[in-house]
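Numbering (our numbering), first residue to last: 211 to 565.
Note that beta-carbon positions come from the ideal geometry of N, C-alpha and C, so glycine has one too.
Everything below concerns the one structure shown next.
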Ligand SMILES: *Cc1c(COP(=O)(O)O)cnc(C)c1O
């Protein structure tokens, strides 16, 4: 079975370093666990590193983390669905939310469960993901403050996600200004002014005006050590806490170019041999790896060895192993990005091993 090797010491290191750097700027971290499917071992590592606030987009993940006794506050970082409100109230402490009608139902459900559910109201700052338009915020807040089952505990926004809009001095200041107006108008304290995600790293390190922002929601930077607007490696962090490992199940010299008429490949994509990249030139040492698109996006893997990923089907990844001396059964190791990690964590055919 292919496996994902997870180095907990590296994740712990990343979490601790980021916490130090963020603490110095008076910014708390909500560690985002969704890409790991709320993996208990990883979540526990992050909590042990000192981050006691965990965000996940899937209530099932939060339920599992909570029930296993992970000692943190849990935030549902996706707008809750009406059909899931009872488990949202039962397992999450806080939700990110932008629909008044849902907040109202959430309040009713909280009252039914004898609880208060925290909400962070998301504001649209240009990226066009979830968020209320700033002009409608006043009205929403005045209504929300009357809901008995709700604790209004913050305002949030998100960047570099749906549209790819960059958090910069202008929109971050605007976000703080909007928050300030709400605070003053309703004379309230906000526990969370949550200004974005790992893409805010450059802004955080360079800005002279953090404004009212006091929290960021951080997944990628802790797990993979990348952040900022170009997802650059963050200095002092590990970028290889996760390694994808798959074994060679076939290794043969094959013609460098296919035989026969070429149409599209398994997923209806243009054949890689139509791109002009591959020439007819003798033979190639070609390996098939045990693992395919059901498990991982091969385009998002980076081989640790000098080899080249050619293409993948549901079940195989085809590799040009060049002149390397492998044999059937040998394992190949790969670095990966966020999207590859998401698929690998989600595949039941990839085992997870911790070191
Ligand atoms: C996934 C997610 C994050 C974390 O983003 P990273 O870029 O991985 O830090 C933050 N906020 C929300 C709302 C998310 O959905």
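Q: Confirm, please, whether the CB-CB distance from residue 456 to residue 433 is below 8 Å.
A: no
Q: Could you check the C-alpha separation between residue 309 and residue 240 for me, to the nearest Å?
A: 22 Å
Q: Just tell me which of 365, 545, 399 has its CA closest to the CA of residue 217.
A: 545
Q. Looking only at DSSP bridge pairs, what is residue 331 linked to?
A. 307, 365
Q: Spatial neighbours of residue 481 within its chain, please: CB distance less than 6 Å, with the 5 preceding and 5 following residues excluded, ordered by chain position.
A: 472, 475
Q. Cβ of residue 407 within 8 Å of Cβ of residue 427?
A. yes
Q) Should the region 309–324 be called in touch with the region 342–356, which here means at least 3 C-beta pairs below 8 Å? A) yes
(Q) Just checking residue 244 against ligand 1 - is the residue's beta carbon closer than 7 Å to any of the ligand's heavy atoms? (A) yes
Q. Going by other Cβ atoms of all chains shown within 10 Å of its Cβ, with 16 needed for buried, is residue 271 buried or exposed?
A. buried
Q.
Tell me whether residue 431, by its Cβ, gets closer than 7 Å to a heavy atom of ligand 1.
A. yes
(Q) What does the Cβ neighbour count give for residue 320, buried or exposed, with the cut at 16 atoms within 10 Å? (A) buried
Q) Span of the alpha helix (DSSP H) holding residue 272? A) 269–277
Q) Taking all protein chains shown into account, do 16 or more other C-beta atoms lie within 10 angstroms of the C-beta of residue 367, making it buried, or fewer, making it exposed? A) buried
Q. Cβ of residue 287 versus every heavy atom of ligand 1: is any distance shorter than 7 Å?
A. yes
Q: Specify the secondary structure class of residue 531 as computed by DSSP and reduced to three states.
A: coil
Q) Would you call the region 332–340 and the region 372–388 in contact, with 3 or more CB pairs under 8 Å? A) yes
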